[in-house]
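J.:
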Amino acid sequence: MTTASPTRPLLELKGLGRHLTLARAPFSREATRTVSILDNVNLAIAENETVGLVGESGSGKTTTARIILRLDSPSSGQVLFSGEDVGRLDGRALKSYRRNVQPVFQDPYSSLNPRLSVATIVGEPLFVSGEFAKAERRARVLQALNAVGLQADALGRYPHEFSGGQRQRIAIARALTLQPRLLILDEPVSALDISIRAQVMNLLDELQQRMRMSYLLISHDLDLVVRVADRVEVMYLGTIVESGPTRSIAKERRHPYTRALFDSKLPAHPRERRAIAPIEGELASPLNRPRGCPFHPRCAMATERCRVEAPPLRADAAGHATACHMVEI
Amino acid sequence: MGSFILRRLAYAILSLALLSVTIFFFVRVTGDPAALLAGADASAEQIERLRQEFGLDRSIPVQLVSFLFDLVRGDLGRSLFYNIPVSELIMARLPATLTICAATFALSVAVGVPTGIWTAINPDGWLDRAARAIAMFGMALPSFWAGLILILVFSVNLNWLPAGSGRGFSSVILPAVALSGYFIASNFRITRSAMLDVLNTEFITLTRAKGLAERRIILMHALRSSLIPIVTLSGINLALLINSSVAVETVFGWPGIGTLLFDSIAMRDFPMAQGIVVVIGVFIILCNFVIDVLYAYIDPRIRLAA
Amino acid sequence: MSTPIPPHSAPPVLEVEELRTSLGSRRGRGNVVDGVSFSLSAGETLGIVGESGSGKTMLGMSLLRLLPRAAQIVSGSIRLDGRDIVGCTVAEMRDIRGAEIALIPQDPMVSLDPLFRVGTQIAETLRAHKPVAAGQAMSEAVELLRRVNIPDPELRAQAYPFEMSGGMRQRVVGAIGIACTPKVLIADEPTTALDVTVQAQYLALLQRLQRETGVALIVITHDFGVVAQICDRVAVMYAGRIVEQAEVGRLFDAPAHPYSRALIEASAAMANEGGGRRFPSIPGEPPPLFGRGEGCAFAPRCAFARDRCRREAPPQTSAGPAGHAVRCFYPLEGDAR
Amino acid sequence: SPAHAESTVNIGLPFQLSPRYFDPTETANGTYFAILYAVHDALVRLDDQGARPSLAESVTSNADLTEITYRLRPGLTFHNGDPLTADDVRFSLEHYSGTSADAFKSRIAAIETPDELTVVVRLHSPWPDYAALSGTTASAFGWIVPKAYYEKLGAEGFMNAPVGLGPFMVEKIDPGREVVLKRFDNYHGRKPLVDRIVMRTATDGAQSLAQVNTGELDVAYNMLGELGVAASKMDGVTLYENPTYTTFFLKFFDAADPDSPWSRKEVRQAVNLLLDREAISMIETNGASPATQSIVPSKLPYAVELPVSKPDLEQARKLLAEAGYPDGFDGGKLVPIAPYWRMAEAVAAMLDAAGIKVEIQKMERAVFYQKLADKEMTGVCLCADGTMGNASTRLGRHVYSKGVHNYAPVPEFDALYEAQLVEIDEAKRAEMLAELQRKVYDMAYDAPIFNLALPAAIGPRVKNAAFLVPGNAYIAPVELLELK
Amino acid sequence: MFQRLRFLPKGDPLASPHRRVPWFSLGVFAMLFVCGLFPGLVAPMDPLKANFLALNAPPLTTAGGQLYLLGSDHLGRDVLSRIVHGSSIALYVSLIAVLFSSVIGTTLGLLAGYYRGWVDQLVMRVADTWIALPTVSFAIFLTAMREPGATNIIIVMILVFWTRYARIVRGEVLSLRERDFVKLAITAGASPLRILFVHLLPNVINSVIVLATLLIGNVILSEATLSFLGLGVPAPHPAWGAMLADGRNGLMSNRWWATVFPGLAIILVVGASNVAGDWLRRRLDPNLRNL
Ligand SMILES: Nc1ncnc2c1ncn2[C@@H]1O[C@H](COP(=O)(O)OP(=O)(O)OP(=O)(O)O)[C@@H](O)[C@H]1O
Ligand SMILES: Nc1ncnc2c1ncn2[C@@H]1O[C@H](COP(=O)(O)OP(=O)(O)OP(=O)(O)O)[C@@H](O)[C@H]1O
Ligand SMILES: [Mg+2]
Ligand SMILES: [Mg+2]
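Going down the list, the protein sequences come from chains A, P, S, B and X. Per the working numbering, the first sequence runs over residues 1 to 329. Per the working numbering, the second sequence runs over residues 330 to 635. Per the working numbering, the third sequence runs over residues 636 to 972. Per the working numbering, the fourth sequence runs over residues 973 to 1456. Per the working numbering, the fifth sequence runs over residues 1457 to 1747.
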């Protein structure tokens, strides 16, 4: 695993917040309600680094990705790319940002337009950028397809002719055409079968080493993240509750939620079978976000303080940060 | 649910406002009714008097505002031809139209829905094939043509049923049958396909896996879910029904709102035409509003969602 | 708790023999379940694993005889307590479903009727099989909700599915499954749609319910973690066939079929924090349903395949200890690691 | 109810029932008389014996035709019980605003009521047509409404609750749909023979015939074309072909425009030769309508018999060639009066035989009349005129340059017309009108087709359907209507 | 959230066993096109030519050396020739009306579904209102304003039918725009125009085609109704609905052929359009119903 360079990060999220205003019914007297989906999220990704973002469903992982991709805009905070505020980019600068940051989404069925040929799909970023002649576009598309292990004969075919794994590779190829510096991988393999999952993960790893890209790997699969990421960010109800180098997190599991995640892991072998002591309580929802520490209703260690006061994220010297009153730094 | 209904109500009111303004302008651009009404030998002065009488000498915006004000008060003006309040005449004629529409609607549901259910449970049987083929052509059957043929057969040749409107229930039979061809077919088709869809869902698989009686599965679970598309279609069909009733009313000399509309535009009885279209519009919009409420009744997700 | 669970000695409640379900379409006819045999005793948990499209769900549905129109059982037998239900009438099957063989379907988000209160949906199961009054059934439903750990069961019984989270819905579906204390419970991917933490909760719940009722459990999954956690025995499916069947520890330690072995390696590697960056993977894709060749379906992806594998389908043979069966001409030996 | 069913007659009216039809002072066209004859009565009205005093006991006029004196029958009452007085008559005459109202207004100097039962109408100058216009269906001048009641309700109120002196009184009005009439026992004339008459709108011919077949209606009008055939074949149904004063004719709007082919006499004569009037009569009325080549029906006063030419394609072609159109021409629009579309189609087909192409343009009746009056028409119309009166009134509308429907003034016609209008000598006047009619015929001013015989279907229950009023398409006098 | 995907695509042929080509519809359409485009070649006689010697001739009559296969009407015109020429009108009206209404409706549906907000509100409220306006009143108003003719009918049909497209397309776009490929297009920097026309349009075109096929029948039916009411193509042009209206009097004396044959022509063509539309729907888009 490469170690992160200490220089200026490639991408930085600063105090990112996202609120939603729930639509109010006409004539209704009830006040409009805002829910907070993301709250003060800070995160940094260095060159050639893989940052894993884990958390349960609805914790705000995809929202974070959408904001980075400018598919959504933050209610507060900034996204900085090479030190520039992404929210302010337009015209040429936005274009160049778009080529540098490309996504790969979870569902290989929904992410390829069923009516377009593979050549068009993969070539779209090149075409839209308007900087490439036809021949060059074709060459680059072929190159990208080769990089993900597909042949030229795929060009004229349509998505439905491919299996899930192949589709995901096409989606990756598309992301690669403009040689981006950062890939936002939102659950890139969750929809795939185990055997195929490994193929795709291997491919991503290979590409990273070859093209020196950075990855933001979003997943709910702890095993996967711990396996490939350099740093891990654990998200709960829109806030980062623990963040640090993978090794340190996997070993120390300081935050009770992180611990619960690790404890919920299923055994890899029947030998390791044990009585599961899962955390109790229902999945949290931003609609009824608890006061204080967002995790306290499900936390066995919660005290009175947790119920009223949200713990700040405090980092130790090694850069391992935790947001928990109970954890001593 | 309250907020859902309020929103639909707001839409309904918006649609009504839009409708009224549209009608108003439609009517104005077709020409000056006063000259037509005054008759062939009328003098300019007579025409002018009529124009004043009907307020046609005022500017268009003024007319529009007063039209809308009157509308809100429920005043649809006075018929130029019949010379009585429009609303009175509409109220006198509405029952006739509603009678055949209701009869047609009832017939189309009573025949179409059960057939749809049956064929969805037993797809590709002979009944299914036959019903689908018949439906295909039922949808192609011009209702006024069906009406003509029905009159020929049942009123002229067999002399079994009346061809006009004066004989109470027996008068309703022919027009309702003539009108219902399309609607039976469309109810049948929507029920069948909605039921087929629902029967393929996982929750129906679960009801089967629970070992429920087939009748309960079909009537309680599958049908209830299918009701949503069926009800949606009913909303569209209602508008269509009122539309197609014009031709059928003509064929049967039915003293309904359709013939009234037809004649009043032909006679440039603008307040009348305007009033009818508004009333039909209100009726359809109201029906669609009721349908929205029905959704809420059928589907708790709509009813209970914030 | 690493001691393997002892093999069951009780007489089997469910015996499936040479079950074959075929599915027809314009493009042809294929066997989605192809000569499957296994048996299951009370209190035992059988895991069925395999890739997507391998026929796991079809197998489960065959056992309930709830196949889509295009599919039907063409041969074989399913004996429930000795009685072959392949020959049962529609009415008899209706009595069996829910009461003797129950199902927890794959996706809790779409498995409950969105228009009915969950309490009603549980109660109607009870009333379909037992002569109980509506009120009585409802209070039993509340009791069942309590048993599957739903907080405020009285209140929740009145809720509609859309008002519940995925985890809760899955528990409701579980409550429906055990409502009539069936002999066999088929759980089709009971946890794939759930979050990690909730997944663990649910597995614990399943195990508890099994302990309490002694039901024989068939867990369909593609997750070896689930298998490792709760199964006594495992059957690995590939292209409609059970390619390997063994006691769970045995399968993990000494998979005999190249496919099982590859799968286990792949999943173990995923779970293993310390491993290298590369994941072991199986090249290629599973075969399509139609036009599967003569030979072993896995042969095109198999590193060990020889000519014979491509020509003829291997029969089921024993591989080592009792209960370990494999469909491979050249079974592997030794530890997977 | 069944008790009444015995003596109720159901009549289908081929038009929309407007409340206006109940007010005789507004009468604008012949349609009104379907109701006037049932509900109202006139000083003088037409019946089988011609124009006879009805409410009046006698009508006398002075020698120079400037003073007309009506003596009312004593003891007459309106449906509401009000007695008929000279005041009611004067009010009705003064209030009259229907057809030809301008003509009456401009010529009447005063209306006087010397006593309760006497009304004197004084004219400015002699007016030979006064009788033709006032005692017939040419206008409703002379039909009486109750003054006090009318003034109390106003025109609108009166229309919706009419009260008259006729054989039937209004029991119920369902606007636009039907009116139920009940026998008026105090009617001064012959006693009505049925208890009730229901007049119901039945605008669709085929459907109303079907209703006669099923017994829903006893009378249906306008059994044109195949409907007449069908009616005559139905069991118990009789077809009554009622002669009317309605003449159908082609009118050439562009005849005054020298650039138009229609301005050529030869062309118009050719058209007259192209029309197969018998065939059209056959198509429309099974041959019942007599062909004519004059717009003045022979039964109107002062009408002259004019020969009807046989269709002659050869001769027509020759005439067209003379006019410079050997292969015909594009004749522009043919606008038929609603709803005689099919007659227009037949006419178009006949003109087409000689290469004259016309395009049929449908126009609603209201639009048709408005455009006609506004002189906005072009091309040719298939017009109909059924107004009663005499040759002078008929010609005055179409041939006289100030006539409401005149499009092509001819000075010679105007001179003749104006001269006869004030001629008191009957014989001289007749001679002048005959000359005018012949001149119009000679220059083929228009192309008349036939005088409509309007067929009505009479159901089996009806014994006497009295179509006795000449020129009126509807059953009248209704008091003679009888059931078997 | 981890979502298992259904590996059986929705359009899978397994779900719909009806893939037989609807030869019947194709045959009827072929006939319609041949008759509609070259009526002069197909029709045995001039449709406007009256024959006063063969009025109301029953089918299979020979008169003046001409065979009246389907009989003649009240003016002695050949019913068959009129039906053939009537198909020109039907074809012309339906094709133009369907073309324009699909272009207008699809565009508005795309915009409403993609931009949502006030655009959506505007389009949908207008569509709601339109539904409440009776077709016939549109037609009558128009005939009052303009001379009657095919153009009127076409305008009415466009006014009425665009909403169908708008509704369907909007509904589909609302769900399509949430699909990841749209987001990917945005992150590739694609313009809204490109997203609308390159990404969304091809995905709704199936529905548009299905709807258009079904609407051809609907338009013909509506055209017939309006012609029947006298609001359509004026006489003597042989519009089918007008032929029915003309023939109805004959019906009373059992001269059925002038009414029954044009009626059958309508049923045949509209039925064919329904069958074809249904078949296309199964093939292209089984999720569509209720069109
Ligand atoms: N447009 C929106 N309207 C309403 N709620 C939204 C919207 N977008 C996101 N949310 C809510 O915000 C929360 C965070 O959603 P997000 O998709 O970012 O979570 P996630 O961590 O990616 O979850 P998953 O694992 O399910 O993908 C969820 O509760 C979601 O319901
Ligand atoms: N309703 C159906 N109609 C036709 N074919 C079907 C149907 N359901 C499944 N199949 C086909 O049957 C085969 C087996 O499917 P099955 O659902 O049993 O797989 P599975 O192992 O459960 O997969 P998954 O892990 O995706 O649930 C597949 O090829 C699938 O395409
Ligand atoms: Mg997500
Ligand atoms: Mg499955």
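The beta carbon of each residue, even a glycine, is placed where N, CA and C say it ideally should be.
Can you give me the C-alpha to C-alpha distance between P/Ser515 and P/Phe473, rounded to a whole angstrom?
T.: 18 angstroms
J.: Could you tell me whether the region 1269-1281 of chain B touches the region 1213-1220 of chain B, where touching means 3 or more Cβ pairs closer than 8 angstroms?
T.: Yes: at least three Cβ pairs fall under 8 angstroms.
J.: Should A/His296 be counted as a contact of ligand 1 given a C-beta to heavy atom distance under 7 angstroms?
T.: no
J.: When the distance is taken between beta carbons, is X/Pro1690 closer than 8 angstroms to B/Gln1333?
T.: In this structure, X/Pro1690 lies closer than 8 angstroms to B/Gln1333 by Cβ.
J.: Please go through the region 1234-1296 of chain B and give each complete alpha helix (DSSP H) segment of 4 or more residues, from N-terminal end onward.
T.: 1237-1246, 1249-1257, 1285-1294
J.: Hey, could you find the ends of the beta strand (DSSP E) B/Pro1025 is sitting in?
T.: 1022-1025
J.: So S/Leu780 and S/Arg791 are supposed to be a Cβ contact under 8 angstroms. How far apart are they, rounded?
T.: 6 angstroms
J.: Quick one: residues in its chain with C-beta nearer than 8 angstroms to the C-beta of B/Gly1148, no 5 flanking neighbours on either side, listed in chain order?
T.: Gln988, Leu989, Ser990, Thr1173
J.: Roughly how many angstroms separate the alpha carbons of S/Gly717 and S/Ala851, rounded to a whole number?
T.: 15 angstroms
J.: Pull every residue with its beta-carbon under 7 angstroms away from any heavy atom of ligand 4, and keep them in chain order.
T.: S/Lys691, S/Thr692, S/Gln741, S/Asp823, S/Glu824, S/Ile855
J.: Entirely within the region 168-256 of chain A and at least 4 residues each: give me those alpha helix (DSSP H) ranges in chain order.
T.: 194-211, 222-228, 246-252
J.: Put P/Met596 into one of helix, strand or coil per three-state DSSP.
T.: Looking at P/Met596 - three-state DSSP - the assignment turns out to be coil, as it is neither helix nor strand.
J.: Would a C-beta distance cut-off of 8 angstroms place P/Gly467 and P/Met524 closer than the cut-off?
T.: no
J.: Hey, out of X/Glu1628, X/Gly1561, X/Thr1681, whose CA is closest to X/Pro1590's CA?
T.: Looking at the Cα atoms, X/Thr1681 is the closest of the given residues.
J.: For A/Thr3, would you say it is in contact with chain S, using Cβ-to-Cβ distances shorter than 8 angstroms as the test?
T.: For A/Thr3, the predicted structure reports a pLDDT of 45, less than 50, and the residue's modelled location is therefore unreliable. The matter cannot be settled from this model.
J.: Using the three-state DSSP reduction, which class does B/Glu1348 fall into: helix, strand or coil?
T.: coil
J.: Using a cut-off of 7 angstroms between C-beta atoms, extract the partners of S/Arg791 located in chain P.
T.: Neighbours of S/Arg791 on chain P: none; closest Cβ ~14 angstroms, over 7 angstroms.
J.: Can you confirm whether B/Arg1079, when its beta carbon is compared against all beta carbons of chain P, has any partner nearer than 8 angstroms?
T.: Taking Cβ atoms only, chain P never reaches closer than 8 angstroms to B/Arg1079, which makes this a no.
J.: Kindly say whether P/Pro491, judged by its beta-carbon, lies nearer than 8 angstroms to any beta-carbon of chain S.
T.: no
J.: Is the CB of S/Thr832 under 8 angstroms away from at least one CB in chain A?
T.: yes
J.: Assuming contact is defined by CB atoms lying nearer than 8 angstroms, are A/Gly238 and A/Leu20 in contact in what I supplied?
T.: no
J.: Tell me whether P/Asp370 sits in a helix, a strand or coil according to DSSP, three-state version.
T.: Residue placement at P/Asp370 is poorly supported in this model, since its pLDDT is 49, which falls under 50; the coordinates are not used for a value here.
J.: With 7 angstroms as the limit, tell me which residues of the region 1624-1641 of chain X have their beta carbon closer than that to any beta carbon of chain A; keep them in chain order.
T.: Arg1635, Asp1636, Phe1637, Lys1639, Leu1640, Ala1641
J.: Check whether the Cβ of A/Glu282 lies closer than 7 angstroms to any heavy atom of ligand 3, and answer yes or no.
T.: no
J.: Between B/Arg1369 and B/Val1376, which are expected to be in contact by the criterion C-beta below 8 angstroms, what is the C-beta distance as a whole number of angstroms?
T.: 6 angstroms
J.: Ligand 2 and A/His160: does the residue's C-beta get closer than 7 angstroms to at least one heavy atom of that ligand?
T.: no
J.: I'd like to confirm the pairing. Which residues does DSSP put opposite B/Cys1355 in its beta bridges?
T.: B/Phe1221
J.: I'd like to confirm something about S/Pro703: is its beta-carbon nearer than 7 angstroms to some heavy atom of ligand 2, or not?
T.: yes
J.: Would you please verify whether the beta carbon of P/Ser344 is less than 8 angstroms from any beta carbon of chain X?
T.: Chain X, which has a Cβ nearer than 8 angstroms to the Cβ of P/Ser344, makes this yes.
J.: For chain P, is any of its Cβ atoms less than 8 angstroms away from the one on B/Glu1286?
T.: no
J.: Using 8 angstroms as the limit for Cβ to Cβ distance, is X/Ala1646 near chain A?
T.: yes
J.: What distance in whole Å lies between the Cβ atoms of A/Gln102 and A/Leu178, which are believed to be in contact at a cut-off of 8 angstroms?
T.: Right, the Cβ-Cβ distance comes to about 7 angstroms (below 8 angstroms), so this counts as a contact.
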